[in-house]
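Note that the sequence shown covers residues 1 to 59 in this note's numbering.
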Amino acid sequence: MDVIRVKQILSSSSDIEVRYNGTSVWIDNLNEDGRTATVHLRGPLEEKSEVGIDELKEI
1 MDVIRVKQIL SSSSDIEVRY NGTSVWIDNL NEDGRTATVH LRGPLEEKSE
51 VGIDELKEI
């Protein structure tokens, strides 16, 4: 995924499914470096991770 699409998803009010390593995640924010984002798993667990945006896939 590219930085423009990450920004669009963050500003959207729609529920857009994004996956990281096959797991559905929410994007919390785009980090200042513009290459990584903070995400957390969809569901009851709110464990956050920093991942490369190139590893995120829109479904």
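Ideal Cβ placement from N, Cα and C applies to all residues, glycine included.
Among the options, which one has its Cα closest to the Cα of residue i?
i, options, result
"Gly43", "Asn21, Trp26 and Glu55", "Trp26"
"Glu46", "Val3, Ser24 and Gly52", "Ser24"
"Val51", "Leu41, Ala37 and Ile59", "Ala37"
"Lys7", "Gly34, Asn21 and Glu17", "Gly34"
Could you tell me whether the Cβ atoms of residue i and residue j are closer together than 7 Å?
i, j, result
"Lys57", "Arg19", "yes"
"Met1", "Ile59", "no"
Legend entry - Ranges of the beta strand (DSSP E) found wholly within the region 14-45, counting only runs of at least 3: Complete beta strand (DSSP E) runs here, min 3: 18-20, 23-30 and 36-41.
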